[in-house]
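Data block below; observations after.
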Amino acid sequence: MNSFTSSGNPSEYLERLMQVGQQSMKQFDEALATTMGVRGKGAAPAGQTFSPFAFALDMQREYLTQIWRFWNATAIRTFTLGTKSEIQPARGDKRFKDEAWQETPYYDLLKQSYLLAARQMHELVEGAQVDNKTKLQLRFYARQFVDAMSPSNFPATNPEVIRTAIETRSASLASGMANLIDDMRKGRITRVDESAFEVGGNLAVTPGSVVFENELIQLIQYTPQTVEVERTPLLIVPPCINKYYLLDLGKGNSFVEYAVAQGHQVFLISWRSAVPETGRLTWDDYLEKGPLQAIDVVRDIAKVEQVHALGFCVGGTIMSCAAGVLAARGENKLTSLTLLTTMLDFADTGDIGLLIDEGSVALREATIGRGGILPGKELAFTFGTLRANDLIWRYVVDSYMKGAPPDVFDLLYWDSDSVSLPGPMYCWYARNTYLENKIREPGKTTQCGLPIDLSRVEIPLYVLASREDHIVPWQSAFRSKDLIGTQPRFVLAASGHVAGVINPPARNKRSHWLNDDLNCEAKDWLGRAEERPGSWWPDWDAWMKRHSSGTAPAPTHAGNESHGVIEPAPGRYVKLKSN
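According to this note's numbering, the residues represented by the sequence shown are 3 to 581, in order.
The following block contains the structure:
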């Protein structure tokens, strides 16, 4: 009679079986180490070189050990229920939140098998003996593959999809197929209910007027809400790869609204999405016809010699280069510069830099470098791959497999409202920033006909970065303080690229970090920084007013004789849809 039938306790039998299995794996490991010199994940002992064969054997041994452990744990759970799974998803992984992934042995086994394979893939990549750039690329593409292969992404292995199909008598599958066909016609995944939002209706609603336009931009002057305003006006330069209304999402959720309420004279650039007749525009055109021309219009309307400038993301890079052009020309037109989640040093660009290499840039230069358009939907898809589980696969499952209606979320609507770029402009930007990292080097680039040295921009600098930013790593933004401006102030916001910036004080959410000592590395700065609750906006407002030239009566009308009102804000350009 065996021990199982004699004890009558299946869990004790399985536990003993697991102990025997573990002992067998230990003996196998010791024998392998004796005969092949393999131990410790392929690491080479002192004086010996790395052995790919040893590494592969070690990985195989580790994988078999893990399989043995979770199979036994699953068997025990089958009989004893309630035991925690051997392998758990990472914190924040929402793919396996349904109870069936934990409580049903079949789905739990699928989940654990997948997570173990994903872990194995990660360790294989980490163990690869390649240069740092190649390893970063391996990590990115391995993650894309692993994310795509999740059992949650297939109808037959997703318990929520099966349950919803049963409950709706397959109506969810029919709705999902209709959603898929509709998106195939659009050429993109629908993530938001677009009928719920209207630019100028419930988005971009801060009162103002378009007071200038050219083929590339419209310039908006916002209506003052205070009796007195800051004498020195503020020009905001949003990213040209997105619509500007991220900074003016709606009442109570608008950076523009907040700045106006604090008494700032706010002007803002609204970029036009590229169309065939503007497909020839270059980087220099974006400087000249963007911030440089806007600065002169603002100075003329406000009757001042200087303006404050604020750039967000790519808009910050453009504004910094425009400031460099002004410095090269000897024109003192700026009072201060604020950079929000902006890179000037592209040595560490995060995952997005992995998608820009010599081959891809050369291909773009050959096809659209002398004229043409980079479609907005291509840019949107590229950014989506950086967080594929959240921005791609989640919507594939919800929309196509469960037939769910799209979300109603203003940030998602903005994120889906993409902007196309002229080919020549994009090619210059990609090569001189992500690929060759030239703009940080004095005289390495010629912009608007002049060699540019950002260190010649000698105005007060405010830098805001976001701690969890996957597009502009905060450590990269931190280095901007050494490249441009004087008297720098660096503030680190909680959350990511968008949520870290858009954080109205009235909501009292998140936090930010401050440390006046900037003569250190980023990690040391953070280690000594003080965390403060709430938004960073009041800190920026106080900083701006410390660099103010006083107040003046608020203007009673928009524009002036030279630059009259063209149309009410938000204007036409922001409403144009890209291809």
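Even for Gly, the Cβ is constructed at its ideal location relative to N, Cα and C.
Please read these numbers as outputs of a predicted model, since none were measured by experiment.
Within 8 Å, strictly: CB atoms of residue i and residue j
i: alanine 571; j: glycine 210; result: yes
i: tyrosine 224; j: threonine 340; result: no
i: glutamate 290; j: cysteine 450; result: yes
i: isoleucine 441; j: leucine 346; result: yes
i: proline 153; j: tyrosine 116; result: yes
i: valine 300; j: phenylalanine 269; result: yes
i: glycine 498; j: histidine 514; result: no
i: aspartate 184; j: alanine 390; result: no
i: valine 194; j: proline 407; result: no
i: valine 503; j: threonine 343; result: yes
i: valine 1; j: glycine 573; result: This structure gives no information on residue 1, because the portion of the chain shown stretches from 3 to 581.
i: alanine 330; j: leucine 452; result: yes
i: glutamine 267; j: proline 240; result: no
i: glycine 313; j: methionine 321; result: yes
i: asparagine 160; j: methionine 546; result: no
i: isoleucine 89; j: glutamine 122; result: no
Close Cβ partners of residue i (< 7 Å) along its chain, the five nearest in sequence each way excluded
i: leucine 336; result: Gln308, Val309, Ala311, Ala325, Leu328 and Ile461
i: serine 275; result: Gly378, Val421, Ser422, Leu578 and Ser580
i: serine 564; result: Asp302
i: asparagine 155; result: Trp395, Val398 and Val399
i: leucine 294; result: Ala324 and Val327
i: tyrosine 431; result: Trp285
i: leucine 297; result: Leucine is not the amino acid found at residue 297; the sequence shown has isoleucine there. Around isoleucine 297: Leu237, Val309 and Lys335.
i: arginine 534; result: Ser513, His514 and Leu516
i: valine 201; result: Tyr247, Pro572, Val576 and Lys577
i: aspartate 412; result: Phe199, Leu205, Leu251 and Gly252
i: serine 177; result: Gly405
i: glycine 189; result: Lys379
i: serine 174; result: Thr166, Ala167, Lys404 and Gly405
Run of the beta strand (DSSP E) containing residue i, from where it starts to where it stops
i: aspartate 210; result: A small correction: the amino acid at residue 210 is glycine; aspartate does not occupy that position in the sequence shown. Here the beta strand (DSSP E) through glycine 210 covers 210-215.
i: serine 177; result: Here serine 177 belongs to no beta strand (DSSP E); instead the alpha helix (DSSP H) covers 173-188.
i: alanine 311; result: 309-314
i: tyrosine 143; result: From DSSP, tyrosine 143 is part of no beta strand (DSSP E) but of the alpha helix (DSSP H) over 134-150.
i: phenylalanine 492; result: 488-495
i: tryptophan 515; result: 513-516
i: arginine 534; result: 532-535
i: leucine 342; result: 336-342
i: alanine 554; result: 553-555
Own chain partners of residue i with C-beta closer than 8 Å, once the 5 adjacent residues on each side are dropped
i: tyrosine 575; result: Glu215, Ile219, Gln220, Ser272, Trp273, Arg274 and Ser275
i: tryptophan 542; result: Thr340, Tyr464, Leu466 and Val493
i: threonine 553; result: Glu230, Val231, Glu232, Arg233 and Gly265
i: leucine 520; result: Lys483, Pro490, Phe492 and Trp527
i: leucine 376; result: Ala276, Arg366, Ile370, Ser422, Leu423, Pro424, Gly425 and Tyr428
i: alanine 531; result: Leu494, Trp515, Leu516 and Asn517
i: isoleucine 568; result: Ser211, Val212, Val213, Phe214, Glu215 and Gln220
i: aspartate 350; result: Pro475, Gln477 and Ser478
Assumed close pair residue i, residue j - CB separation to whole angstroms, cut-off 8 Å
i: aspartate 100; j: glutamate 162; result: 5 Å
i: glutamine 104; j: aspartate 110; result: 6 Å
i: glycine 252; j: asparagine 204; result: 6 Å
i: glycine 405; j: asparagine 244; result: Contact doesn't hold; Cβ gap of about 30 Å is too wide.
i: leucine 485; j: leucine 456; result: 5 Å
i: tryptophan 539; j: tyrosine 260; result: 6 Å
i: threonine 2; j: alanine 556; result: The structure shown does not extend to residue 2, since the chain is modelled only from 3 through 581, so no value can be given for it.
i: isoleucine 354; j: leucine 381; result: Between leucine 381 and isoleucine 354 the Cβ distance is about 11 Å, and since that is not below 8 Å, they are no contact.
Element boundaries [alpha helix (DSSP H), containing residue i]
i: tyrosine 288; result: 285-289
i: proline 349; result: For the sequence presented, residue 349 should be read as alanine rather than proline. Careful: alanine 349 lies outside any alpha helix (DSSP H) and carries neither H nor E.
i: alanine 296; result: 295-304
i: alanine 544; result: 539-548
i: tryptophan 430; result: 425-431
i: isoleucine 168; result: 161-169
i: glutamate 200; result: It is not in any alpha helix (DSSP H) - glutamate 200 carries neither H nor E in the DSSP assignment.
i: tryptophan 395; result: Counting along the chain, tryptophan 395 falls outside any alpha helix (DSSP H), and DSSP gives it neither H nor E.
i: methionine 123; result: 107-129
i: threonine 435; result: No alpha helix (DSSP H) contains threonine 435, which DSSP labels as neither H nor E.
6 Å CB neighbourhood of residue i in its chain, flanking five on each side removed
i: leucine 248; result: Trp416
i: leucine 356; result: Leu138, Gln139 and Phe142
i: valine 277; result: none
i: arginine 481; result: Asp347
i: asparagine 562; result: Ile303
i: threonine 447; result: Asn434, Lys440, Ile441 and Ile454
i: threonine 192; result: Asp185 and Pro408
i: methionine 38; result: Low confidence applies here, because methionine 38 scores a pLDDT of 46, under 50, leaving its location unreliable and the question unanswered by this model.
Quick one: complete beta strand (DSSP E) runs, 3+ long, within the segment 441-483?
-> Counting whole runs of 3 or more residues, the segment 441-483 contains the beta strand (DSSP E) stretches 462-468.
Ranges of the alpha helix (DSSP H) found wholly within the segment 208-286, counting only runs of at least 4 = If only complete runs of 4 or more residues are kept, the segment 208-286 shows the alpha helix (DSSP H) at 257-263, in order along the chain.
Quick one: which unbroken alpha helix (DSSP H) runs of 4-plus residues sit fully inside the segment 354-428? Chain order, please.
-> You should have 360-370, 378-387 and 412-418.
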